[in-house]
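The numbering used here runs 4 ahead of the 1-based position in the sequence shown. Cβ coordinates follow ideal geometry from the N, Cα and C atoms, glycine included.
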Amino acid sequence: MSTDSMPAVIEIGEIRNLSKTVSDKLQELIYTGKLKPGERLVQTELAERFRVSRVAIRDALQELRQSGLAVSGGQVGGMVVRPITKQDVENIAFVRSAIEIKVALAAARNIDEKGLRKMRLIIDKQTRLRDDKDYIGFLRVDWEFHRTFYSYAHNDLALDIIEKLWTRASQARGMVLISQDWGALWSGQSIDGHREMIERIRAKDELHLEETLERIIEKAKREQLQWVEEVS
């Protein structure tokens with residue numbers, strides 16, 4: 005490869021890094037309600053806001069679209085933050101219950117002590133975030149816990165589907181966590197639920213593991229429905 009081509013490669017890499025940074029920031033703004041469901045995502049305005057090129061913004065918006073947080077809307081070729089309805093919440097919970105529990109049971113049969121140790125370390129991280137009242141950070145680590153566990157099912161397709169469902173659900177859940185009272189309550193219950201999951205896995209108690217996950221999914225649905233009711 006000639007040295008003449010190197011600057012272009014570096015520039016592409018820089019754009020990709022910028023796009024990821026902007027995408028992460030937009031995701032945080034959506035989770036915290038600073039970008040509301042249905043709000044337009046205008047490339048020129050976002051480029052000025054983040055002081056980056058429109059190319060970086062365009063790529064960041066494509067990442068949001070792929071994750072399910074943005075959809076086509078507004079002007080031709082434009083995008084908006086994905087609106088959330090009660091039916092969306094019901095649908096997400098239904099599919100989570102159908103897929104996620106089967107994946108969890110498969111993972112429970114495969115996971116080893118090293119995997120359980122990883123899960124316990126993530127709970128320690130959650131506890132620190134809960135104590136610091138960093139509930140949006142807690143939300144991200146919540147998925148890290150489940151992803152680590154579900155990866156032991158060795159089913160990448162199912163894991164991709166579940167991750168997209170979690171991203172969609174987190175849009176409503178993040179809004180719930182803006183309240184300090186809600187955040188403190190939910191984070192404590194999440195940690196308790198994760199500890200219970202580890203107990204069920206270690207005991208090879210599939211019946212009660214399934215019940216624990218059903219309860220977690222149902223609880224998340226109730227919280228998200230309450231939020232949709234409040235903002236509609």
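Check each candidate in V26, S23 and Y35 and name the one with the smallest Cα separation from L143.
Y35
Please name the residue, chosen from D136, K168 and Q47, that lies closest to I96 on a Cα-to-Cα basis.
K168
Grab me the residues of I221's own chain with a C-beta within less than 6 Å of its C-beta, minus the 5 sequence neighbours each way, in chain order.
A97, R100 and S101
In the DSSP assignment, what residue or residues form a beta bridge with A74?
V85
If we ignore side chains and look at the alpha-carbon of each, how far apart do T25 and A74 end up?
16 Å
Among V93, E43, E117 and Q47, which has the Cα closest to the Cα of T171?
V93
Sub-8 Å separation of F149 and I166 beta-carbons:
no
Burial state of K225 (16 or more Cβ within 10 Å)
buried
Report the CB separation of N159 from A110 in whole angstroms; it is logged as a contact under 8 Å.
7 Å
How about F88 and Q175: are their beta carbons less than 8 Å apart?
The question names Phe, but residue 88 in the sequence shown is Ile. For I88 and Q175, yes; Cβs fall inside 8 Å.
Going residue by residue through the region 22–82, where are the continuous alpha helix (DSSP H) segments of at least 4 residues, counting only ones entirely within it?
47–54 and 58–71
Runs of alpha helix (DSSP H) wholly within the region 142–177 (minimum 4 residues, chain order):
none
By Cβ distance below 6 Å, which residues in the same chain neighbour F54 in space, the five residues on each side in sequence not counted?
V26
Enclosing alpha helix (DSSP H) for D136 [first to last residue]:
Element bounds for D136: n/a, residue is neither H nor E.
Residue range of the unbroken alpha helix (DSSP H) whose run includes D92
K90 to N114
Of the listed residues D146, L213 and N21, nearest to G192 (C-alpha basis)
D146
Go ahead and label E227 buried or exposed: buried means 16 or more other beta carbons lie within 10 angstroms of its beta carbon, across all protein chains shown.
buried
When you compare only the Cα positions, how much space is there between A12 and E52?
Summary for A12: the model assigns pLDDT 40, below 50, so the residue's position carries little reliability; its value from the coordinates is reported in the next sentence. Going from the Cα of A12 to the Cα of E52 covers about 24 Å.
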